[in-house]
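Residue numbers (our numbering): 41 to 444. Using N, Cα and C, we set each Cβ at its ideal position, and we do this for glycine too. None of these values were measured; they are calculated from a predicted model. One structure is given below, encoded as structure tokens.
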Amino acid sequence: MNRTSQDRSDRSKPSAAPAERTEPKEPKEPREPARSEPSPKPKEQDHGTRLTVLVALGANLLIAVAKAVGGLFTGSPALLSEAAHSVADSLNEVFLLAALRRSRRPADSRHPFGYGKERFFWSLLAAVGIFVMGGCFSFFQGFEALRNGGEESSGGYVAGLAVLVVSLLAEGASLFRAVHQVRGQGGAGGLRDPALRTVVAEDGTAVLGVTLAIVGMALHMITGQIVWEASASFAIGALLVGVAYWLGRDAREQLIGRAADPESSGRIRALLQAQPEIDSVESLLTMEIGLDSTLVAARIDLVPGLDSEEVEEVAVRIKRSVAHMVPEADQIFLDVTDAAAARAPSREDGAREDGARADGARGDGARAEGARADGASTEAAGTEAAHRAGTAEGPAATGERGGA
């Protein structure tokens, strides 16, 4: 009875193995909804970002009109520079609204990966606008102020400072709204959105630029020297050029094709290496193709002994696991190879190379033997020629002695 019970228990052990193999399949049910969770989030983020851009656009339009009127009335170069700054910001907000609308178009046959990079393109145009309309015009106003000089009445100073103070409050409110939006999207992670990043940069530089203009105008009013306002214009221009360069460089990297952040790439690689069916991860490539869309391409070697159905099952499971771990990875491609089959051609190539080297060595030996045979025949021919020459000289010498 003990033996039979042991035999039955032994027979029951293998039947438990398939149950263990099927255990990883059970979590697939909760993974499906986890993958679909991020889909409504970008829409909510777009709504919040669009509202932030609209607030910045309204504030910049009102501020641009106020600064332009005040600058023309007072002749202040710093105030005119800030007016150009606000006009550039208003135009950039229009670009960003276009980016928000166009980047959400669905994929089609001409653009199978979607239009996510539209955001990066319009952000690049916004950077160019900041550089040309804001930075260059501010430098121009600074040079004009130094060349022509300028005197302002006390009323002009008061009006200009009042406009700048109101502008500072409006720009500060817009910046507060943008920072609040960034915090709502996860702090520094919210700056991944190029539209929101541009608004934060514009409002931040606007607050700093208005502060510089107030300081320059106040020093001009106190000292009576236009150089202070001209210096403020130069400082505003340098600030705008620096921000434009930063935004343009970031948009350029994203348009060219920037890899996913190292943390996400490391998690994907660790997930692949943890799979028991994967022998090695030959390569892992990632690229951001949109704000919340990432392309993942991996070349993996599977352990030998898997049939086609098991390979397909493993590939499907790996894709679901990657999408569950990194929700923005919505384009996943796997190049699956058999480790044993991949190594077999390399061994055959090595054997062929060894055979070729052996054949070459044998050929070199044959050529060396031929060279030695040629040398021996040449030496024999030379000896025979010398012998003939000596034989011919013998009779001639005998005749000469006889004649003597």
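Top-ranked residue by Cα proximity to residue i, from the options
i: L136; options: V95, A124, G277; result: V95
i: L252; options: T238, L279, R237, E242; result: L279
i: D290; options: A241, V354, L204; result: A241
i: F113; options: Y197, V255, P344; result: Y197
i: E184; options: I308, S273, V356, E293; result: S273
i: S348; options: A337, V376, A218, I340; result: V376
i: H125; options: T245, A355, I254, M257; result: T245
i: V356; options: L164, F373, P344; result: F373
i: L208; options: L312, K107, L335; result: K107
i: C176; options: M257, V222, P234, A284; result: A284
i: D332; options: I296, A300, S323; result: A300
i: V247; options: S323, A123, T89; result: A123
i: L287; options: P117, F161, R90; result: F161
i: E352; options: V205, F180, D378; result: D378
i: A202; options: L295, G264, L215, I103; result: I103
i: E328; options: I254, L312, R292; result: R292
i: F171; options: G282, S121, G345, S143; result: G282
i: V134; options: K157, F153, G98; result: G98
CB of residue i within 9 Å of CB of residue j, strictly
i: H178; j: G277; result: Before going on, a small fix: residue 178 reads as Ser here, not His. Result yes, Cβ atoms of S178 and G277 sit closer than 9 Å.
i: L101; j: G111; result: no
i: V239; j: T92; result: yes
i: G189; j: I262; result: no
i: G330; j: R159; result: yes
i: L464; j: N132; result: Since the first residue of the chain shown is 41 and the last is 444, residue 464 is not available in this structure.
i: E269; j: D243; result: no
i: A338; j: L325; result: yes
i: L236; j: A218; result: yes
i: P234; j: A128; result: no
i: Q181; j: S121; result: yes
i: L346; j: V354; result: yes
Where the alpha helix (DSSP H) containing residue i begins and where it ends
i: A300; result: Counting along the chain, A300 falls outside any alpha helix (DSSP H), and DSSP gives it neither H nor E.
i: F161; result: 158 to 169
i: G182; result: 177 to 188
i: D290; result: 267 to 296
i: A355; result: 348 to 365
i: R145; result: Looking at the DSSP string, R145 is not in any alpha helix (DSSP H), and its letter there is neither H nor E.
i: M261; result: 234 to 263
Run of the beta strand (DSSP E) containing residue i, from where it starts to where it stops
i: R141; result: Note, R141: premise wrong, no beta strand (DSSP E); alpha helix (DSSP H) at 117 to 142.
i: G330; result: 318 to 330
Strand pairing of residue i, partner residues [DSSP]
i: L342; result: I318, D378
i: Q371; result: L335
Chain B within 9 Å of residue i, Cβ atoms only
i: D233; result: Within the model displayed, chain B is absent; a lone protein chain is all it includes.
beta-carbon residue i near the ligand ZN non-hydrogen atom, thresh 8 Å
i: V255; result: What this structure holds is no ligand at all, so the ligand ZN is not there to describe.
Three or more C-beta pairs below 8 Å linking the region 361 to 376 and the region 301 to 311
With three or more CB-CB distances shorter than 8 Å, the region 361 to 376 counts as touching the region 301 to 311.
Should the region 348 to 362 be called in touch with the region 308 to 327, which here means at least 3 C-beta pairs below 8 Å?
Three or more Cβ pairs closer than 8 Å define a contact, and the region 348 to 362 meets that threshold against the region 308 to 327.
Touch test, the region 310 to 321 against the region 139 to 158, Cβ-Cβ under 8 Å, three pairs minimum
Short answer: they don't touch.
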